[in-house]
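A.B. asks: First to last, the protein sequences are chains A and U. The first sequence: position 150 = 165 (the working numbering), numbered continuously. The second sequence: position 171 = 1605 (the working numbering), numbered continuously. Backbone N, C-alpha and C define an ideal beta-carbon position, used for all residues, glycine too.
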Amino acid sequence: MSNPARRELAAQQAALARALLGQGPVPGGFNAGRVAAMAETLAHKRLHAAARAWPLLARQLGDAWAVRFAATCAGTPLPPHHGPLLDGWRVAEVLEGEGLLGPAATRELLGARLRFRRGPEEGLQPRTGAWAWALARSAEGRCLALRLAGRTFSVWLPGRRAPSPPPPASSPPT
Amino acid sequence: MRLGIGCGWRASLAAYIQQRPAVTFVEVLAEDLPAHGPLPPALEVLRERGCQVVVHGVSLSLGSAEGLDPRALEHLCRVAERVRAPLVSEHVCFVRAGGLDSGHLLPVPRTAASLEVLVENVRRAQAALPVPLALENIASPLEWPGAEWEEPVFLSLLLEQTGAQLLLDAANLYAQSVNCGVDVGRWLDAAPLHRLAYVHAAGGTRRGGLYHDTHAHPLPAPLLPVLEALRARREIPGLMLERDDRFPPAAELDAELAQLARTAGLPWEGGTGEQSRAA
């Protein structure tokens, strides 16, 4: 195929994808009502895929999951790899920053951090080393997790709910 | 190759499937399995009892004019090798474009340029895969402007030029009949049924004037006439249920699988599995 024909098709596909992800107008020749209906299906699917990847976080948030998700992820494109994992990760980090992450969701975030590193861009890199450690801040304190020889250990650190940067470990518990 | 009656393997259905020796094949999602490290032990148990494991991909984006993502293809190949799949299947669609991932199977235009892209990508995938590839028709309420062929003719051309097999999704065909006015009989008459490898069936629901193939609802009654119309034209070598969410009680799944088996003329012996050799 000639390069111009391929480039034109690629541009048409990208325009349709943008329209369906709410990031561009409906391309010419398409039924606008059907594009809107399909865009809604895609958004719904993304929300549920992230909830399936983060069941404990989704359970903690309950009805607020959709609101939190929309505020955190709706404006950003779905990453090409590990999309649902990264979507939920973003929501978890917002709650972590607000000191609202429950203990179960904290462990879920630690599990993700032990398996993947957030790369310099938007992607996730698997942590393939023999061991890894990760730290997360929950509503009740900080939790340190360690993965070693295929097993995971975690320990809650002493200290009150920590603003950023974390206070010294000698801070009294609240 | 005769696959028989199957079920989409999901972690939530692992125990159910393990206790159903009448399930003779399962389909695993390539994206759910790791390329390295341990596989779910339940899959190994199924393989030991002779249950075939077909690998199904949803992210290869065979219709992408930008070409295939080598990482996605490599992953599909590794998973197919690891589960010793007799067959790999993917969709006639695109998923990614312009640096965006839709997370969904999007329709391709039915034009010569689009056919050429698909043929090139499918051939590249076939060259890398260890086993044959089957291609599936998708459900899409959206139609591209300027179609040069009807969908079954487009599929015939694609399969003819690549030698790929057909994975016919009966629920997608039903969705197209409801949402886009496709005539099921005419569609089947023009489709490359001589290349049929197996068939998907799934439940869905009507919402906002459209039928949605959700894989989270019971099989709709009008799906059975679609399967009967297929069987009237071609022996059904394999038929499987796709259920991804809102998992019903085992008795309900049993009833759906038994009904599918009856409709397709496939055995469903001792379906509820008293003689299960589950470990």
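(1) What residue from A:108, A:96 and A:97 has the CA that sits closest to residue 86 of chain A's CA?
(2) If distances are taken between C-alpha atoms only, which option among U:1444, U:1674, U:1580 and U:1517 comes closest to residue 1690 of chain U?
(3) Can you tell me whether residue 1639 of chain U is helix, strand or coil according to DSSP?
(4) Chain U partners of residue 61 of chain A, CB-CB under 8 Å?
(5) Which one of A:143, A:171 and A:37 has the shortest CA to CA distance from residue 93 of chain A?
(6) For residue 1632 of chain U, list the residues DSSP reports as bridge partners.
(7) Is the beta carbon of residue 1497 of chain U sitting closer than 8 Å to the one on residue 98 of chain A?
(8) Which whole runs of the alpha helix (DSSP H) in the stretch 1477–1518 of chain U are 4 residues long or more, in chain order?
(9) Taking residue 1576 of chain U and residue 49 of chain A to be in contact with their CB atoms under 8 Å, please state how far apart those CB atoms are, rounded to whole angstroms.
(10) Using a Cβ-Cβ cut-off of less than 7 Å, list which residues of the stretch 1516–1537 of chain U approach chain A; keep chain order.
(11) For residue 1453 of chain U, does the three-state DSSP call read helix, strand or coil?
(12) According to DSSP, is residue 182 of chain A helix, strand or coil?
(13) Just checking, does the stretch 1571–1591 of chain U make contact with the stretch 1539–1553 of chain U on the three C-beta pairs under 8 Å criterion?
(14) Could you name the residues of chain U that residue 56 of chain A contacts, counting a contact when the two beta carbons are closer than 8 Å?
(15) Measure from the alpha carbon of residue 1522 of chain U to the alpha carbon of each residue in U:1494, U:1659 and U:1627, then state which is nearest.
(16) Does any C-beta atom of chain U lie closer than 8 Å to the C-beta of residue 132 of chain A?
(17) Going by DSSP, which residues form a beta bridge with residue 148 of chain A?
(18) For residue 49 of chain A and chain U, any beta-carbon pair shorter than 8 Å?
(19) For the beta strand (DSSP E) that residue 126 of chain A lies in, which residues bound it at each end?
(20) Starting from residue 1587 of chain U, follow the alpha helix (DSSP H) in both directions and report where the run begins and ends.
(21) Any Cβ of chain U within less than 8 Å of the Cβ of residue 144 of chain A?
(22) Note down, in chain order, every chain A residue with its Cβ under 7 Å from the Cβ of residue 1575 of chain U.
(23) When you check each C-beta in the stretch 1480–1498 of chain U against every C-beta of chain A, which residues fall closer than 9 Å?
(24) By the DSSP assignment, the beta strand (DSSP E) with residue 1656 of chain U in it spans what residues?
(25) Which same chain residues, not among the five before or five after residue 1540 of chain U, have their C-beta less than 6 Å away from its C-beta?
(26) May I ask you to report which of helix, strand or coil DSSP gives residue 1703 of chain U?
(27) Could you tell me if residue 18 of chain A is buried or exposed, where buried requires 16 or more neighbouring beta carbons within 10 angstroms of its beta carbon?
(28) Below 8 Å CB to CB, which residues in the same chain sit around residue 146 of chain A once its five sequence neighbours on both sides are set aside?
(29) Among residues of its own chain, excluding the 5 on either side of residue 1499 of chain U, which ones have a beta-carbon nearer than 7 Å to its beta-carbon?
(30) Against chain U, with Cβ distances strictly below 8 Å, would residue 184 of chain A count as a contact?
(31) From residue 1582 of chain U to residue 76 of chain A, what distance separates their C-alpha atoms?
(32) Taking the straight line between their C-alpha atoms, what separation do you get for residue 1488 of chain U and residue 1449 of chain U?
(33) Out of U:1666, U:1670, U:1623 and U:1619, state which residue places its alpha-carbon closest to the alpha-carbon of residue 1635 of chain U.
(34) Got a sec? Which residues, its chain only, sit under 6 Å from residue 170 of chain A by beta carbon, not counting five neighbours each side?
(35) So which residues on chain A does residue 1500 of chain U lean against when the C-beta distance must stay under 7 Å?
(36) Compare the C-beta of residue 1590 of chain U against all C-beta atoms of chain A and say whether one is closer than 8 Å.
C.D. replies: Considering the structure as presented:
(1) Working through the first sequence from its first residue, we reach residue 86 of chain A at position 71. Of the candidates A:108, A:96 and A:97, the one whose C-alpha sits nearest the C-alpha of residue 86 of chain A is A:108.
(2) Position 256 of the second sequence, counted from the start, is the residue given in the question as residue 1690 of chain U. Answer by Cα proximity: U:1674.
(3) The residue you call residue 1639 of chain U lines up with position 205 of the second sequence. In the structure shown, residue 1639 of chain U sits in a strand (DSSP, three-state: E or B).
(4) In the first sequence, residue 61 of chain A corresponds to position 46, counting from 1. Going along chain U in sequence order, the residues near residue 61 of chain A (Cβ under 8 Å) are 1537.
(5) Numbered from 1 along the first sequence, position 78 holds the residue referred to as residue 93 of chain A. Selected option, being the one with the closest Cα: A:37.
(6) Counting from 1 along the second sequence, the entry for residue 1632 of chain U is found at position 198. In DSSP, residue 1632 of chain U forms a bridge with U:1601.
(7) For the purposes of this step, residue 1497 of chain U is identified with residue 63 of the second sequence, where counting begins at 1. For the purposes of this step, residue 98 of chain A is identified with residue 83 of the first sequence, where counting begins at 1. Contact flag unset, no.
(8) 1504–1516
(9) Looking up residue 1576 of chain U in the second sequence gives position 142. Looking up residue 49 of chain A in the first sequence gives position 34. Confirmed, about 5 Å.
(10) 1528, 1530, 1531, 1532, 1534, 1535, 1536 and 1537
(11) Counting from one through the second sequence, the residue named residue 1453 of chain U turns up at place 19. Reduced to three states, the DSSP call for residue 1453 of chain U is coil.
(12) Translated into the one-based positions of the first sequence, residue 182 of chain A becomes position 167. Confidence is the limiting factor: at residue 182 of chain A the pLDDT is only 38, short of 50, which leaves the residue's position unreliable, though a coordinate-based value still follows. Residue state, collapsed to three classes: coil.
(13) yes
(14) By 1-based counting over the first sequence, the position of residue 56 of chain A is 41. What residue 56 of chain A touches in chain U: 1538 and 1646.
(15) On the second sequence, position 88 is the one that residue 1522 of chain U refers to. Residue U:1494 is the option with its Cα nearest to residue 1522 of chain U.
(16) As a position in the first sequence, residue 132 of chain A is number 117, starting the count at 1. Output row for residue 132 of chain A: interface = no.
(17) By 1-based counting over the first sequence, the position of residue 148 of chain A is 133. Answer is A:161.
(18) By one-based count along the first sequence, residue 49 of chain A stands at place 34. So yes, residue 49 of chain A belongs to the interface.
(19) Taking the first sequence and counting its residues from 1, the one referred to as residue 126 of chain A is at position 111. First-last for residue 126 of chain A: 118–130, but that is the alpha helix (DSSP H), not the beta strand (DSSP E).
(20) On the second sequence, position 153 is the one that residue 1587 of chain U refers to. Unbroken alpha helix (DSSP H) run through residue 1587 of chain U: 1585–1596.
(21) In the first sequence, residue 144 of chain A corresponds to position 129, counting from 1. Judged by the 8 Å Cβ criterion, residue 144 of chain A is not in contact with chain U.
(22) Numbered from its first residue, the second sequence carries residue 1575 of chain U at position 141. Within 7 Å Cβ-Cβ: 49, 52 and 53.
(23) 1493, 1497 and 1498
(24) In the second sequence, counting from the first residue as 1, residue 1656 of chain U sits at position 222. Residue 1656 of chain U -> no beta strand (DSSP E), and no H or E assigned at all.
(25) Translated into the one-based positions of the second sequence, residue 1540 of chain U becomes position 106. Only 1527 and 1528 meet the Cβ criterion.
(26) For the purposes of this step, residue 1703 of chain U is taken as the residue at position 269 of the second sequence. Coil at residue 1703 of chain U, not helix or strand.
(27) As a position in the first sequence, residue 18 of chain A is number 3, starting the count at 1. Exposed, since its Cβ has fewer than 16 Cβ neighbours within 10 Å.
(28) Locating residue 146 of chain A in the first sequence gives position 131, counting from the first residue. For residue 146 of chain A, where only same-chain residues beyond five positions count, the Cβ hits under 8 Å are 161, 162, 163 and 164.
(29) If you number the second sequence from 1, residue 1499 of chain U lands on position 65. Only 1551 meet the Cβ criterion.
(30) Locating residue 184 of chain A in the first sequence gives position 169, counting from the first residue. Low confidence applies to residue 184 of chain A: its pLDDT is 42, below 50, so where it sits in the model is not reliable enough to give any reading.
(31) Position 148 of the second sequence, counting from 1, holds the residue named residue 1582 of chain U. Position 61 of the first sequence, counting from 1, holds the residue named residue 76 of chain A. Their backbone Cα atoms lie some 49 Å apart in a straight line.
(32) Translated into positions along the second sequence, residue 1488 of chain U becomes position 54. Translated into positions along the second sequence, residue 1449 of chain U becomes position 15. So the alpha carbons of these two residues sit roughly 18 Å apart.
(33) Locating residue 1635 of chain U in the second sequence gives position 201, counting from the first residue. With distances taken between Cα atoms, residue 1635 of chain U lies closest to U:1670.
(34) Numbered from its first residue, the first sequence carries residue 170 of chain A at position 155. If we look at residue 170 of chain A and ignore the five residues flanking it on each side, its Cβ neighbours are 159.
(35) Numbered from its first residue, the second sequence carries residue 1500 of chain U at position 66. Ordered by position in chain A, the residues that pass the 7 Å Cβ test against residue 1500 of chain U are 25.
(36) Position 156 of the second sequence, counted from the first residue, corresponds to residue 1590 of chain U. With 8 Å as the cut-off, residue 1590 of chain U does not count as an interface residue toward chain A.
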